[in-house]
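Residue numbers (my numbering): 18 to 355. C-beta: ideal position from N, C-alpha, C; glycine also. Keep in mind it's a predicted model, so treat the numbers as computed, not measured. Shown next, in structure tokens, is the structure this report addresses.
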């Protein structure tokens with residue numbers, strides 16, 4: 018006979034004993050209390066997440082001029098429009114600027130975190146300085162850099178603070194917000210994004226590096242490892258889960274950028290992002306079905322990136338635990354059959 022061990026599942030009511038009597042037992046009380054604690058969060062999750070998500074998916078296959086209008090089923094036409102209409106597809110291209118910027122941001126954050134984890138003077142001060150931009154309001158940051166690059170009055174002129182400094186040193190002013198040069202405009206916006214969010218990444222990496230056991234560093238020093246070997250064999254494996262999390266957040270952030278480009282350029286000059294275009298489609302053009310399809314595409318991209326990350330950055334201890342549990346089940350099954 019095969020032995021089945023179940024430690025987490027409560028014992029079922031025995032034959033001849035009612036459910037009411039079973040609920041009075043220790044196992045029954047534990048199940049009852051756990052169910053009560055989970056009931057409200059599950060209800061909120063269902064009401065505010067899964068139901069709206071289901072409605073959004075249903076809307077994505079319809080043509081709706083507004084939320085209360087009679088829908089018309091159009092199949093996959095909304096999705097075809099997203100990937101064939103240049104006005105919508107260009108937003109994916111603009112996301113590549115932020116994706117490339119996020120790679121630079123992660124590399125700089127990891128470098129600065131490694132430096133700040135070393136024994137240097139005033140590292141607490143530098144941590145505060147680097148983290149401060151993340152604490153600032155995003156709208157305030159965008160307005161500051163709007164004045165930094167331009168005069169700030171539409172149409173955007175070039176007499177900003179940066180050009181004033183350049184002209185002081187005899188350097189010709191640069192048209193940072195030039196409609197004829199969308200690459201430069203997007204690069205400026207990416208710079209603002211890096212300046213705003215790099216502090217959060219630095220703090221995350223510092224916490225991960227400091228959580229590594231000091232014994233590993235001591236063993237590494239005894240073996241005569243150089244700084245690169247120390248990072249490669251000690252630091253990187255120890256912070257791999259955080260790197261994995263940061264990559265997910267970086268891709269999600271690159272696709273869902275809204276605040277900085279919307280305030281500085283309003284999505285003009287070839288800087289419109291996927292989220293800006295989605296909001297304009299829903300509330301300005303009143304094409305709710307198409308906007309819902311764009312939201313579904315964004316959700317699918319994030320899910321795919323998450324699955325890829327799970328596959329590429331699997332925790333070795335988790336894999337070993339699963340393999341051990343599998344071998345144990347096979348052994349027990351063989352013993353039972355015998």
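At a Cβ threshold of 8 Å, is residue i touching chain C?
i           : result
residue 305 : As a matter of chain content, chain C is missing from the structure shown, which is built from one protein chain.
From residue i to residue j, what distance separates their C-alpha atoms?
i           : j           : result
residue 274 : residue 294 : 11 Å
residue 145 : residue 264 : 24 Å
residue 41  : residue 53  : 15 Å
residue 162 : residue 296 : 23 Å
residue 147 : residue 278 : 22 Å
residue 118 : residue 127 : 14 Å
residue 36  : residue 71  : 35 Å
residue 61  : residue 158 : 34 Å
residue 6   : residue 48  : In this structure the chain extends from 18 to 355, so residue 6 is not present and cannot be described.
residue 253 : residue 141 : 23 Å
residue 301 : residue 250 : 53 Å
When burial is assigned at 16 or more other CB atoms within 10 Å of the CB, is residue i buried or exposed?
i           : result
residue 187 : exposed
residue 81  : buried
residue 245 : exposed
residue 99  : buried
residue 26  : Below a pLDDT of 50, predicted positions are generally treated as unreliable, and residue 26, at 49, falls in that range; no measurement from the model is reported.
residue 243 : exposed
residue 92  : exposed
residue 182 : exposed
residue 133 : buried
residue 138 : exposed
Assign residue i to one of three DSSP states: helix, strand, or coil.
i           : result
residue 89  : strand
residue 235 : helix
residue 189 : coil
residue 326 : helix
residue 94  : helix
residue 79  : strand
residue 263 : helix
Closest to residue i by CA distance: which of the options is it?
i           : options             : result
residue 307 : 210, 57, 79 and 53  : 79
residue 309 : 64, 58, 77 and 38   : 77
residue 114 : 130, 105 and 268    : 268
residue 270 : 220, 291 and 66     : 291
residue 205 : 43, 164, 63 and 233 : 164
residue 248 : 135, 74, 156 and 88 : 135
Self-check item: Cβ contact check for the region 145-155 and the region 193-202: 3 or more pairs under 8 Å
Solution: Segment contact: the region 145-155 against the region 193-202, fewer than three CB-CB distances shorter than 8 Å; contact not assigned.
Quiz item: Between the region 122-133 and the region 253-269, do at least 3 Cβ pairs fall closer than 8 Å?
Solution: As far as the Cβ criterion goes, the region 122-133 touches the region 253-269, which means the pair count is three or higher.
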